[in-house]
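Visitor: Under this note's numbering, the very last position in the sequence shown is 343; numbers go up by exactly one each time.
No residue lacks a Cβ here, since even glycine has one placed at the ideal position from N, Cα and C.
Let me begin by handing over the structure; questions about it come next.
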Amino acid sequence: MIGPGTHLPKSVKLRVFLRSLLLQASWNPKGMQNLGLVYALYPALERLYPDPEKRREAVQRHLTFFNTHPYVAAAIVGGVLYHEERIAAGEEDPRRVTEFKGALMGPLAALGDGFFWLSLRPAAGALCAALVPWLGAWAAVLFLVLYNVVHFTLRARLFQMGLQLGDRLVEAVARARLPTRGARLRAVAAASAGAAAAYLAFAFGAQQGGVGGWLLAGGCLALGALSYLLVARKVPTALLTAMAALLAGCLGAWL
């Protein structure tokens with residue numbers, strides 16, 4: 089029985105990982121990310137299958153439909169290498185790697201969307217937006233640093249997990265508790281957005297001066313708190329939008 093990564097030197101695995109960053113560069117309506125996947129895997133397939141005919145068959149296996157979250161796709165890419173090594177050694181049926189991809193790309197897509205798009209990105213953005221009054225344009229730089237440090241670290245770790253664990257990757261990803269961490273990041277995003285809103289409201293009140301300015305600032309904060317309570321009580325979003333539009337119209341006519 090061969091061990092993980094036996095046939096592939098580190099240089100080849102590094103090339104595959106770096107190429108996986110371009111997974112969506114050849115996105116297409118029919119196969120979605122399939123061309124990007126083949127592009128990422130090709131250095132490894134070239135090494136594992138010196139025979140051109142066997143290499144062609146390996147490439148064909150991965151030209152089928154493939155679509156998942158572009159970041160967590162690194163885990164599947166690593167897992168594909170795990171299986172392709174064993175297929176090349178004659179220890180697995182080629183259908184095994186197709187089943188592996190088909191079973192994981194949907195669940196990992198949902199996991200990646202929830203953590204990266206709905207949690208990490210809003211949290212990093214809200215936190216850096218709250219720091220704009222002090223950092224200015226450097227807040228945008230900080231956002232890119234914070235987001236991409238987490239993004240690239242997780243991407244590299246997922247690739248390594250797939251390469252080493254194969255089918256056991258699912259258990260390892262579950263232990264990472266990304267949904268729980270995502271919920272904490274969403275709390276950070278909400279707190280940061282609230283802090284930024286409070287600062288801007290009071291800064292606006294101070295700039296306006298007089299009792300009217302402070303009343304307007306306090307009213308904005310009160311409306312924000314009321315909106316939070318209404319959302320927490322599951323008041324329909326359409327109703328909240330209509331109420332906000334009506335209030336904005338009344339304030340516009342008064343001011």
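Can you name, in chain order, every residue of its own chain whose Cβ lies under 6 Å from the Cβ of Ile90, other than the five neighbours on each side?
Guide: Here residue 90 refers to the residue found at position 2 of the sequence shown. Note that Ile90 scores a pLDDT of 39, beneath 50, so its modelled location is shaky; the value from the coordinates is reported in the next line. If we look at Ile90 and ignore the five residues flanking it on each side, its Cβ neighbours are Ala177.
Visitor: Report all residues from its chain with a CB closer than 7 Å to the CB of Phe231; omit the five preceding and five following residues, and keep chain order.
Guide: Taking the sequence shown and counting its residues from 1, one reaches residue 231 at position 143. Hits under 7 Å: Ala212, Gly213, Cys216.
Visitor: Please name the residue in Leu334, Lys322, Val276 whose C-alpha comes closest to that of Ser207.
Guide: For the purposes of this step, residue 207 is taken as the residue at position 119 of the sequence shown. Answer by Cα proximity: Val276.
Visitor: Nearest-angstrom Cα distance between Gly93 and Ala132?
Guide: In the sequence shown, residue 93 corresponds to position 5, counting from 1. In the sequence shown, residue 132 corresponds to position 44, counting from 1. Bear in mind that a pLDDT of 43 at Gly93, under 50, signals an unreliable position, so the model cannot answer this.
Visitor: Note down, one range per segment and in chain order, each alpha helix (DSSP H) of at least 4 residues found wholly within the stretch 217-269.
Guide: Taking only runs of at least 4 residues, the alpha helix (DSSP H) segments lying wholly in the stretch 217-269 are 220-223, 226-253, 257-263.
Visitor: If contacts are defined as beta-carbon pairs under 8 Å, then Val165 and Ser108 qualify, I think. What distance do you get, rounded to the angstrom?
Guide: Numbered from its first residue, the sequence shown carries residue 165 at position 77. Numbered from its first residue, the sequence shown carries residue 108 at position 20. With 8 Å as the limit, Val165 and Ser108 qualify as a contact, their Cβ atoms being about 5 Å apart.
Visitor: Taking only the alpha-carbon atoms, compute the straight-line gap between Val238 and Pro267 and give it to the nearest angstrom.
Guide: In the sequence shown, counting from the first residue as 1, residue 238 sits at position 150. In the sequence shown, counting from the first residue as 1, residue 267 sits at position 179. Those two C-alpha atoms are separated by around 15 Å.
Visitor: Buried or exposed: Gly200, going by 16 or more other Cβ atoms within 10 Å of its Cβ?
Guide: On the sequence shown, position 112 is the one that residue 200 refers to. It is buried - the Cβ of Gly200 has at least 16 other Cβ atoms within 10 Å.
Visitor: Less than 7 Å between the C-beta atoms of Arg203 and Gly270, yes or no?
Guide: Taking the sequence shown and counting its residues from 1, the one referred to as residue 203 is at position 115. Taking the sequence shown and counting its residues from 1, the one referred to as residue 270 is at position 182. Position check: residue 203 holds Phe in this sequence, whereas Arg was assumed. Yes, the pair counts as a contact, with Cβ atoms nearer than the cut-off.
Visitor: Helix, strand or coil, according to DSSP, for Asn116 in the structure here?
Guide: Position 28 of the sequence shown, counted from the start, is the residue given in the question as residue 116. Residue state, collapsed to three classes: strand.
Visitor: Measure the alpha-carbon distance for Cys338 versus Met331 and round it to whole angstroms.
Guide: Numbered from its first residue, the sequence shown carries residue 338 at position 250. Numbered from its first residue, the sequence shown carries residue 331 at position 243. Taking the straight line from one Cα to the other gives about 11 Å.
Visitor: On the three-state DSSP scale, how would you describe Val104?
Guide: The sequence position of residue 104 within the sequence shown is 16, counting from 1. It is helical.
Visitor: Report the three-state DSSP secondary structure of Phe203 (helix, strand or coil).
Guide: Mapped onto the sequence shown, residue 203 falls at position 115. Helix at Phe203.
Visitor: Thinking Ala163 and Leu111 are a contact (beta carbons under 8 Å), I'd like their distance in whole angstroms, please.
Guide: For the purposes of this step, residue 163 is taken as the residue at position 75 of the sequence shown. For the purposes of this step, residue 111 is taken as the residue at position 23 of the sequence shown. Actually they do not touch by this definition, with Cβ atoms about 12 Å apart.
Visitor: By the three-class DSSP mapping on this structure, what secondary structure does Phe188 have?
Guide: Position 100 of the sequence shown, counting from 1, holds the residue named residue 188. Reduced to three states, the DSSP call for Phe188 is helix.
Visitor: Which residues in the same chain as Glu173 place their Cβ atom closer than 6 Å to its Cβ, once the five residues preceding and following it in sequence are excluded?
Guide: If you number the sequence shown from 1, residue 173 lands on position 85. So the qualifying residues of the chain are His95.
Visitor: I think Gly250 touches Tyr170, with their Cβ atoms under 8 Å apart; what is that distance to the nearest whole Å?
Guide: For the purposes of this step, residue 250 is taken as residue 162 along the sequence shown, with counting starting at 1. For the purposes of this step, residue 170 is taken as residue 82 along the sequence shown, with counting starting at 1. So it is a contact: roughly 6 Å between Cβ atoms.
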